[in-house]
Structures are given as structure tokens and as C-alpha cells.
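Written below as C-alpha cells is the structure these notes are about.
Protein chains: 2
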Amino acid sequence: MDARQKILVAAEKLFAEHGFEGTSTRTLSQEAGVNLAMISYYFGSKEDLYKTLVTERTAPFRDAIESFVSLETTAWQKMELIIDGYVDRMFESSSLHKIIYRELSMDNSPIYEIIVNHISKNMQNVRRIIEMGIESGEFKPDVESQLVMPTITGTIVQVIKSPTLSISLLGLDPKTNSIFDEKHKNHLKKYLKSLIKSYLLN
Amino acid sequence: MDARQKILVAAEKLFAEHGFEGTSTRTLSQEAGVNLAMISYYFGSKEDLYKTLVTERTAPFRDAIESFVSLETTAWQKMELIIDGYVDRMFESSSLHKIIYRELSMDNSPIYEIIVNHISKNMQNVRRIIEMGIESGEFKPDVESQLVMPTITGTIVQVIKSPTLSISLLGLDPKTNSIFDEKHKNHLKKYLKSLIKSYLLN
DNA sequence: AGTTTTTAATTAAACGATTGATTAATTTTT
DNA sequence: AAAAATTAATCAATCGTTTAATTAAAAACT
């Protein structure tokens, strides 16, 4: 792994754990195992590193839902794909999503615009899928298409943002259990599908 | 309003907007309209101010749910009280709750323990209420009592953390609308009750 | 009631430490 | 030989905190 990549990996970890302002360039370069000056050399500044990190790492996730819209399936099957997809990728890259959903509450964050663009696109696609389900009579006519997505992402965020709290909430031993176990991931998927299904379906 | 109070008010606002590390003591004292040294004078340090702020401001909310448990109502009526209560107080003090649910993702935050204690108590009470509903046959036998609370708070957090995004998501004009309008608050309450009701009730 | 004394509140200035960033020299790679 | 990557040292700026001096308020005393 080259220095540039090492910095990005360390940045994702530390920004997730201590926030952007809470991570110094010195701590960051030490964690990455590179010289302090490499941050400026590769990214220009700490802020530009932040922007690059979020832009690069969110890119693979974008438009993932876009492809669902035109699938030849029922609206509910699309919703299942969305829930599975969101749980999978938010569990997989929990550090990145900690960052994203934390910075979302700070209007003047350097990455605020990047995040809002990233999220609102997916939000609108989900909304469209739900409205298609309403029109076809598959979903109840009076469901709130705009609020379903915040419920899905909000629930997942609550679980991944504090693994310690989540595990203790589930009544499990923090030493032998991790919220990132396949078991608990499927548990959450099942719950979300059941929750949203009972709300949407007739 | 005395200097101590002015500092707490300014701290709540700025910590919510820019985070703890993102707020300097100088910016803070300026916003509060007091001398820089007053922070140390009244609170000892910036970190102690943070702890005091969160401890003092979360105190009124604590044990609010505790009283619901023993009410002589149906389990669902208790859930309605919980949803209404949570939406009301999180809308009322959105700055504080921005802070709380942001810091929850940072294990080594100075206020992490305070927050976890604050949250987990309420979580357990909600879980107990749901389990009472299951036992009495009012709720479905296979509902996930532990995950309902993360869904409720998670959804509310998603809405209040970024008013701009929420408003645009609802297809409204950011200039004439605020997510904190009574109208949208009731909208969210209605949605959450409908969502949780269809999931819990037989 | 008026004066003095004591305590509390507030101020400007300064402290050392750490911050993000840059420099110029050196090593490595091409 | 040229370009790219890496290094240690240094920059000014900002950080949280403390100091010592000053003002305001409260308490004590005659």
C-alpha cells in the first residue's frame, strides 16, 4: 500500500473515531506510518484530504439504488433490496458512515455539500419507488413516502454508531459478541423488512 | 442572565453547530459576550464545561419515561406517549440532541459515559413496556422489543440533524418553511405512531 | 446610615503547547 | 540524469489555560 492510500485508511479510521477537528495531522501521519508532510504533498491540506476521502469512498455507493427503480419486480421486492443493500454497505464501511451521518448535522462542514448530494439522490429514488407502489395499489394509499428512508438509515445509524451501546441493549456480552456479526446483521435486516412491510403493505 | 448561563447557552449552540473540538474558547466567549477567562472561572476547563452542559441539560429529560411504565393504560397508549414525548423534547432542544447523538459515535468523548447512561435507561424502559404488551397479547408475539427505540430516535435524529435536507426532502421551500413548524412536528408524530403501530399491534 | 472591609466577578495580557502547513535537503525510483 | 517520493526542521497562528490587576457587589462595622 502506497503512502497516499495509507493516509486515506488512517484518516477514515481517525475521523470516524475522533472527528475531523479532533484528529491532528501529526496523529494522522503517525497512524498511517508516513511523514507529516505527505498529507500536504498528496492532498494539499487536511481539509482537502477530508473532501477527497469522502468523495472517493462514497462514489462506489452512489447510484446503487438508481438501478433498482427500473427493475421488473414488485415495489416491495425493491424495498427489500434497498434494505439489504443499506444494511450491508453501512455495516461494511461503518467508519465512513459514522462520518457521513455525523457531519450531516454541521451545515458548515467542509464535506456538507458532498454528503447532502450523496444522500438526497438515494432518498429521492426510494421515494419514487414507494410512490410507484402506491400508484399500483401494492402499498397503502396514505403512507409517507418521504419519511421511510430516514427511518431505515436512522435505525441502522443508531446501531452502528455505538456498537457498545447496541450490544448491551440486546442484552449480550460485549466481550464475546460484536454488532458486526453476520447474525446480528441479518437480525437487523429482518427487523427492518418486517417493520417497513407492515407499514407499507396492504 | 448571568455570565455562567450565557456561557452554557453559547456552548450549546456552538458545540451543536461546530462540534466540541471545532469550537474554540475564544469564539465561545465572544458568542456568549463574556471574557475568555470566565470559562475557566466558572467551569474549570472547556472539557468540564462540556460535561456540565450535557449533565445539566439532560437531567430534566431523564426518568420521564420511567413514570409511563406504571400507568394504568394499554401498552400502545404508553407507546404513543413515548413517541409524542420524544418528538416534542427533541424538537424543543434540537441543539442538545444533535450533540448527544453525534458524540454517541465517539467512544472516547468526554461526555460518552454521560450520554450512554442517559440513553440506555430510557431504552430499557421502552423495551419493558413493549414486552408487557407482548405478554398481554396486545402486541404481536415476535416483535423486536430492543430495536423499536433506535427506530424512533433514529428517525427523529435524521429529521432534526439537518433541517435543510429534511425540508428539501419533503419538497418544501426552505425560505418559507421550517422543519420545526408545529405542522411538521405533528406530521412526524403521526408518521411514527402509524409506523410503530402497524409493526407492534395485532 | 455611611464607611470600611471582604468577597465575588471581570478584565487584559501573557504562558507554553499544539496546530496545519511549508521549506529545503535527501533518498528513491524511473 | 530527471522526476518523484520522503525526510527533519521550522513557520506563524491558534489553541486552552493562567496570571495579576481591576472593578463591582456584599458584608461588617462604627
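Sequence order for the protein chains is A and B. All residue numbers in the first sequence are consecutive under the numbering used here, ending with 202. All residue numbers in the second sequence are consecutive under the numbering used here, ending with 202. No residue lacks a Cβ here, since even glycine has one placed at the ideal position from N, Cα and C. Predicted model, so just to flag it, every value in this text is computed and none were measured.
- Within chain B, the residues whose beta carbon sits less than 8 Å from that of residue 119 of chain A are 165, listed in sequence order.
- Apart from the 5 residues on each side of it in sequence, residue 24 of chain B has no Cβ closer than 8 Å to any other Cβ in its chain.
- Within the DSSP bridge table, the entry for residue 201 of chain A names A:139 as partners.
- About 5 Å separates the Cβ atoms of residue 78 of chain A and residue 129 of chain A, confirming a contact at the 8 Å cut-off.
- Spatial neighbours of residue 57 of chain A in its own chain (CB-CB distance under 6 Å, excluding positions within 5 residues in sequence) are listed in chain order as 96.
- Any Cβ of chain B closer than 8 Å to the Cβ of residue 107 of chain A would place that residue at the interface, and such an atom is present.
- Check the Cα spacing between residue 192 of chain A and each of B:143, B:86, B:188, B:5: the tightest is with B:143.
- Around the C-beta of residue 166 of chain B, 16 or more other C-beta atoms lie within 10 Å, and the residue is accordingly described as buried.
- Proximity of chain A to residue 17 of chain B at the Cβ level (cut-off 9 Å) is accounted for by 105, 106, 107, 108, in chain order.
- Boundaries for residue 74 of chain A: no alpha helix (DSSP H) harbours it, and the DSSP string shows neither H nor E there.
- The Cβ-Cβ distance between residue 119 of chain A and residue 51 of chain A does not fall below 8 Å.
- In terms of beta-carbon proximity, residue 123 of chain B lines the interface with chain A, with at least one pair separated by less than 8 Å.
- Nearest Cα to residue 36 of chain B within the set B:109, B:161, B:6, B:187: B:6.
- When DSSP states are grouped into helix, strand and coil, residue 34 of chain A belongs to the coil group.
- For residue 102 of chain A, the residues of chain B that pass the 7 Å Cβ criterion are 102, 105, in the order they occur in the chain.
- When the alpha-carbon of residue 163 of chain A is set against those of A:195, A:90, A:70, A:135, the nearest one is in A:90.
- Counting only Cβ-Cβ distances below 8 Å, residue 155 of chain B has contacts in chain A at 147, 150, 151, 154, 155, in chain order.
- When only Cα atoms are considered, residue 182 of chain A and residue 10 of chain B end up about 44 Å apart.
- Residues of chain B with a Cβ closer than 9 Å to the Cβ of residue 50 of chain A do not exist, since the nearest Cβ in that chain sits about 13 Å away.
- Check the Cα spacing between residue 69 of chain B and each of B:103, B:125, B:93: the tightest is with B:125.
- If the five residues before and after residue 42 of chain A are omitted, its C-beta is found closer than 6 Å to the C-beta atoms of 4, all from its own chain and listed in chain order.
- Per DSSP, reduced to three states, the secondary structure at residue 58 of chain A is helical.
- Taking 8 Å as the CB threshold, residue 158 of chain B lines the interface with chain A.
- Among the residues facing chain A, residue 44 of chain B is not included, as its CB has no counterpart in that chain under 8 Å away.
- Nearest Cα to residue 83 of chain B within the set B:201, B:202, B:195: B:195.
- DSSP, read as helix, strand or coil, puts residue 177 of chain A in coil.
- Listed in chain order, the positions of the segment 89-101 of chain A with a beta carbon within less than 7 Å of a beta carbon of chain B are 98.
- When Cβ-Cβ separations below 8 Å define contact, residue 69 of chain B makes no contact with chain A.
- Within chain B, no residue has its beta carbon less than 8 Å from that of residue 86 of chain A; the closest one is some 13 Å off.
- C-alpha of residue 152 of chain B to C-alpha of residue 59 of chain B: approximately 21 Å in a straight line.
- Taking the Cα of residue 14 of chain B as reference, the smallest distance to any Cα among A:106, A:67, A:159 is reached at A:106.
- Residue state for residue 111 of chain B is assigned as coil, using DSSP reduced to three classes.
- Taking C-beta separations shorter than 7 Å and ignoring five residues to either side along the sequence, the partners of residue 85 of chain A in its chain run 64, following chain order.
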